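Worksheet: one structure, shown below.
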Amino acid sequence: DTAVSQTPKYLVTQMGNDKSIKCEQNLGHDTMYWYKQDSKKFLKIMFSYNNKELIINETVPNRFSPKSPDKAHLNLHINSLELGDSAVYFCASSQLWAAQSSGNTIYFGEGSWLTVV
Amino acid sequence: AQTVTQSQPEMSVQEAETVTLSCTYDTSESDYYLFWYKQPPSRQMILVIRQEAYKQQNATENRFSVNFQKAAKSFSLKISDSQLGDAAMYFCAYRTGGSARQLTFGSGTQLTVLP
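As given, the protein sequences belong to chains A and B, one line each in that order. In terms of our numbering, the first sequence opens at residue -2 and continues consecutively. In terms of our numbering, the second sequence opens at residue 17 and continues consecutively.
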């Protein structure tokens, strides 16, 4: 019973293709995130959704489109893939407002390794 | 904007010894949270320890403890009795106490544990 699960874990695709990564959390959290980890292992926020509403949208090409059908799911769709999109994409979740300090912790999925060739 | 700096790209420690990983951050806020995450080769992000800025007491989790110096904006991680399984990339991260709750990460420290 994984808390934050992402699929697929590995994805190899050609330039120009469109692909999606799915994410689901069973922690009952109201906020979900997408982070990108580049080849130098630097982690950066891409998007954040709270109760299906977009609350953070960093400078990300509009080829990347997140979709949150409900607060337990946040999918990432990428159009016209480029070589520079190769990275590990992490989904994460947290509870935005929590009485306990543990609610301020962000929990990560196992990552989706995207390779664009 | 907040920044997090890890000045040690790589560190090594002998098994059973103690090692300290450094982290400094820059913020003008008074309410925030600090974290250390561990990332083994599998790339999974594992929470090691968490510190609330309003707490003066340093957090501890078994062999892991922090030295939180709020005035100096320093948040170092001490690993005692190092084990081979501790070998990983360690990331220091900052989270505001405000409504924007995303993490800002440092660049990471690659820890090697020598047998």
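Don't be surprised by glycine CBs; every beta carbon is placed ideally from N, CA and C. It should be emphasised that the depicted structure is a prediction, and the values quoted were computed from it without experimental measurement.
Margin query: Closest to residue 117 (chain B) by C-alpha separation, out of A:69, A:46 and A:87, would be which residue?
Written below: For the purposes of this step, residue 117 (chain B) is taken as the residue at position 101 of the second sequence. Per the Cα distances, A:46.
Notebook entry, point to check: Near residue 131 (chain B), which residues of its chain fall below 6 Å by C-beta distance, leaving aside the five closest residues on each side in sequence?
Noted result: Along the second sequence, one-based indexing puts residue 131 (chain B) at 115. Excluding residues within five positions, the ones whose Cβ falls inside 6 Å are 31.
Checklist line | residue 93 (chain A), DSSP secondary structure in three states | finding: As a working note, residue 93 (chain A) is residue 96 in the first sequence. DSSP places residue 93 (chain A) in coil when its eight states are reduced to three.
Next item on the list: Pick helix, strand or coil for residue 42 (chain B), following the three-state DSSP scheme.
Entry: The residue you call residue 42 (chain B) lines up with position 26 of the second sequence. In the structure shown, residue 42 (chain B) adopts extended strand secondary structure according to DSSP, grouped into three states.
Next item on the list: Please classify residue 12 (chain A): is it buried, with 16 or more other beta-carbons within 10 angstroms of its beta-carbon, or exposed?
Entry: For the purposes of this step, residue 12 (chain A) is taken as the residue at position 15 of the first sequence. Classification for residue 12 (chain A): exposed.
Margin query: Along the segment 53 to 85 of chain A, where does the CB come closer than 8 Å to a CB of chain B? Name the residues.
Written below: Cβ contacts with chain B: 53 and 85.
Next item on the list: Measure the C-alpha to C-alpha separation of residue 95 (chain B) and residue 79 (chain B) and round it to an integer number of angstroms.
Entry: Taking the first residue of the second sequence as position 1, residue 95 (chain B) is located at position 79. Taking the first residue of the second sequence as position 1, residue 79 (chain B) is located at position 63. Distance between the alpha carbons of residue 95 (chain B) and residue 79 (chain B) is about 6 Å.
Notebook entry, point to check: Under 7 Å Cβ-Cβ, which residues of chain B neighbour residue 40 (chain A)?
Noted result: Here residue 40 (chain A) corresponds to residue number 43 of the first sequence, with the count starting at 1. Taking a Cβ-Cβ cut-off of 7 Å, the neighbours of residue 40 (chain A) in chain B comprise 107 and 121, given in sequence order.
Note to self: Give me, in chain order, the residues of the same chain whose beta-carbon lies closer than 6 Å to that of residue 113 (chain B); leave out the 5 immediate sequence neighbours on both sides.
What the structure shows: Here residue 113 (chain B) corresponds to residue number 97 of the second sequence, with the count starting at 1. Beyond the five residues adjoining it in sequence on each side, residue 113 (chain B) comes within less than 6 Å, by CB distance, of 47 and 48 in the same chain, given in chain order.
Next item on the list: Measure the C-alpha to C-alpha separation of residue 52 (chain A) and residue 33 (chain B) and round it to an integer number of angstroms.
Entry: Taking the first residue of the first sequence as 1, we reach residue 52 (chain A) at position 55. Taking the first residue of the second sequence as 1, we reach residue 33 (chain B) at position 17. Whole-angstrom Cα-Cα distance: 44 Å.
Item checked: Of the residues B:91, B:72, B:98 and B:101, the one placed nearest residue 107 (chain B), counting alpha carbons only -> Your numbering for residue 107 (chain B) matches position 91 in the second sequence. From the listed residues B:91, B:72, B:98 and B:101, the smallest Cα separation to residue 107 (chain B) is found for B:91.
Margin query: Let's see if you can read the secondary structure: which residues bound the beta strand (DSSP E) around residue 104 (chain B)?
Written below: Here the question's residue 104 (chain B) lines up with position 88 in the second sequence. Run containing residue 104 (chain B): 104 to 112, per the beta strand (DSSP E) assignment.
Next item on the list: Could you check what DSSP says for residue 100 (chain B) in three-state terms: helix, strand or coil?
Entry: Here residue 100 (chain B) is taken as the residue at index 84 of the second sequence, counted from 1. If DSSP states are grouped into helix, strand and coil, residue 100 (chain B) belongs with the helices.
Notebook entry, point to check: When we look at the beta-carbon of residue 32 (chain A) and count the other beta-carbons within 10 Å, is it buried (16 or more) or exposed?
Noted result: The residue given as residue 32 (chain A) occupies position 35 in the first sequence. With 16 or more Cβ atoms within 10 Å of its Cβ, residue 32 (chain A) is classed as buried.
Notebook entry, point to check: Candidates A:114, A:106, A:38 and A:54: which alpha carbon is nearest residue 121 (chain B)'s?
Noted result: If you number the second sequence from 1, residue 121 (chain B) lands on position 105. For residue 121 (chain B), the nearest C-alpha among the options comes from A:38.
Notebook entry, point to check: Can you list, in chain order, the residues of its chain whose CB lies under 7 Å from that of residue 128 (chain A), leaving out five sequence neighbours each side?
Noted result: Only positions -2 to 114 of chain A appear in this structure, which leaves residue 128 (chain A) out of reach.
Notebook entry, point to check: How many angstroms separate the CA atom of residue 88 (chain A) from the CA atom of residue 85 (chain B)?
Noted result: Your numbering for residue 88 (chain A) matches position 91 in the first sequence. Your numbering for residue 85 (chain B) matches position 69 in the second sequence. Rounded to whole angstroms, residue 88 (chain A) to residue 85 (chain B) spans 31 Å at the Cα level.
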